[in-house]
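To keep things clear, I will list the structure first and then write my remarks on it.
Numbering (the UniProt record's numbering), first residue to last: 1 to 291.
As structure tokens, then:
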């Protein structure tokens, strides 16, 4: 079934008769109430899903946000507009994203007067990223700024230390294109060209392809995975270690592997190993550079 947007697009090329050529003018005062009604709203879209069951979606959002009383309307088959009871609730949803809803990435964008849904960028999303595994002495504010400059857009740089362990890490908020492979490492060198690598671990990362590293699809429909299978190359280039929360990460990864019929602990170029203190790190001898 065609969406309203598709129908309007088709109508833009049809020849109008004399009566249809009449243009009705409206004033700002006449749409003032409509603008006010939309001021506490936002637009949202899942990276993978094409259509959504609104009742099921509303229940999932209520559980994730712990918020009640918002309304949801479909704008396009894969885009909805949400109306909140207060600006506080709206700001909570906008500021805490991106959202992982039932292992699907939900992208939320602000509404503004005159917005055109087709012109909104739902592909580029800011993610919180932890950079772990570097030597202790590398974790300085100066190095953090240099690492941040290697990303095309970074809005936050922090030096963090976990209170329940001796682990340090950089926390950045970077712009990620959901249509390109996830970045896995940063490479640093010093002195006599010695090299250290830090692992990127993403906050609220949803399901992604274990072969090509792109969100929004699985290896079952991934051309790269099919080529690898045909060549009898089953090594996974990506894994659950890309997700910050270990428990959630393992659950998501098991769901991905179960759907693909793969073993639960795949080995490969980016397999994890224990570091002797109960932490996991990527094996330096196995980590490969992306071509």
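Virtual Cβ for every residue (Gly too), placed ideally from N, Cα, C.
Owing to the predicted nature of the structure, the values given are computational and were not obtained by experimental measurement.
query                                                                                                                                                                               : result
Using the Cα positions of residue 69 and residue 136, report the straight-line distance between them to the nearest angstrom.                                                       : 47 angstroms
Can you give the beta carbon distance from residue 34 to residue 131, rounded, assuming they're within the 8 angstroms contact cut?                                                 : Wrong, their Cβ atoms sit about 45 angstroms apart, outside the cutoff.
Count the other C-beta atoms from every protein chain shown that fall within 10 angstroms of the C-beta of residue 270, then say buried if there are 16 or more, exposed otherwise. : Residue confidence is low: residue 270 scores 36 on pLDDT, short of 50, so the model does not pin down where it sits. Its coordinate-derived value is still stated next. Residue 270 comes out buried.
Would you report the Cα separation of residue 103 and residue 24, rounded to the nearest angstrom?                                                                                  : 45 angstroms
Got a sec, what are the start and stop residues for the alpha helix (DSSP H) residue 38 sits in?                                                                                    : 32-38
In angstroms with no decimal places, state the Cα-to-Cα distance between residue 67 and residue 139.                                                                                : 38 angstroms
I'd like to check one pair, residue 208 with residue 242: are the Cβ atoms closer than 9 angstroms?                                                                                 : yes
According to DSSP, is residue 59 helix, strand or coil?                                                                                                                             : helix
Alpha carbon to alpha carbon, how far is residue 19 from residue 77?                                                                                                                : 31 angstroms
Are residue 106 and residue 41 closer than 9 angstroms when you measure CB to CB?                                                                                                   : no
Please give the ranges of any alpha helix (DSSP H) in the segment 84-138, keeping only runs that are unbroken, at least 4 residues long and fully inside the region.                : 87-95
Tell me the residue span of the beta strand (DSSP E) that contains residue 196.                                                                                                     : 194-202
Less than 9 angstroms between the C-beta atoms of residue 184 and residue 200, yes or no?                                                                                           : yes
State the Cα-Cα distance for the pair residue 155 and residue 26, rounded to the nearest angstrom.                                                                                  : 40 angstroms
Which residue marks the beginning of the beta strand (DSSP E) containing residue 189, and which one marks its end?                                                                  : 185-190
From this set, 32, 218, 143, 52, which residue's C-alpha is nearest residue 159's C-alpha?                                                                                          : 143
For residue 179, tell me which candidate among 79, 122, 239, 101 has the shortest Cα-Cα distance.                                                                                   : 122
Kindly indicate which three-state DSSP category residue 174 falls into: helix, strand or coil?                                                                                      : strand
Which residues in the same chain have their Cβ closer than 8 angstroms to the Cβ of residue 31, if we skip the five residues on either side of it in sequence?                      : none
Between which two residues does the beta strand (DSSP E) holding residue 157 run?                                                                                                   : 154-161
What residue range is occupied by the uninterrupted beta strand (DSSP E) comprising residue 44?                                                                                     : 41-46
DSSP three-state label for residue 15, please.                                                                                                                                      : coil
For the candidate residues 108, 196, 88, 13, whose alpha-carbon lies nearest to that of residue 82?                                                                                 : 108
Which class does residue 68 belong to by DSSP, given the choice of helix, strand or coil?                                                                                           : coil
Quick one: what's residue 80 bridged to in DSSP?                                                                                                                                    : 44, 74
How many angstroms separate the CA atom of residue 119 from the CA atom of residue 216?                                                                                             : 20 angstroms
Would you decide whether residue 21 is buried or exposed? Buried here means 16 or more other CB atoms lie within 10 Å of its CB.                                                    : exposed
Could you tell me the distance, in whole angstroms, from the CA atom of residue 193 to the CA atom of residue 133?                                                                  : 18 angstroms
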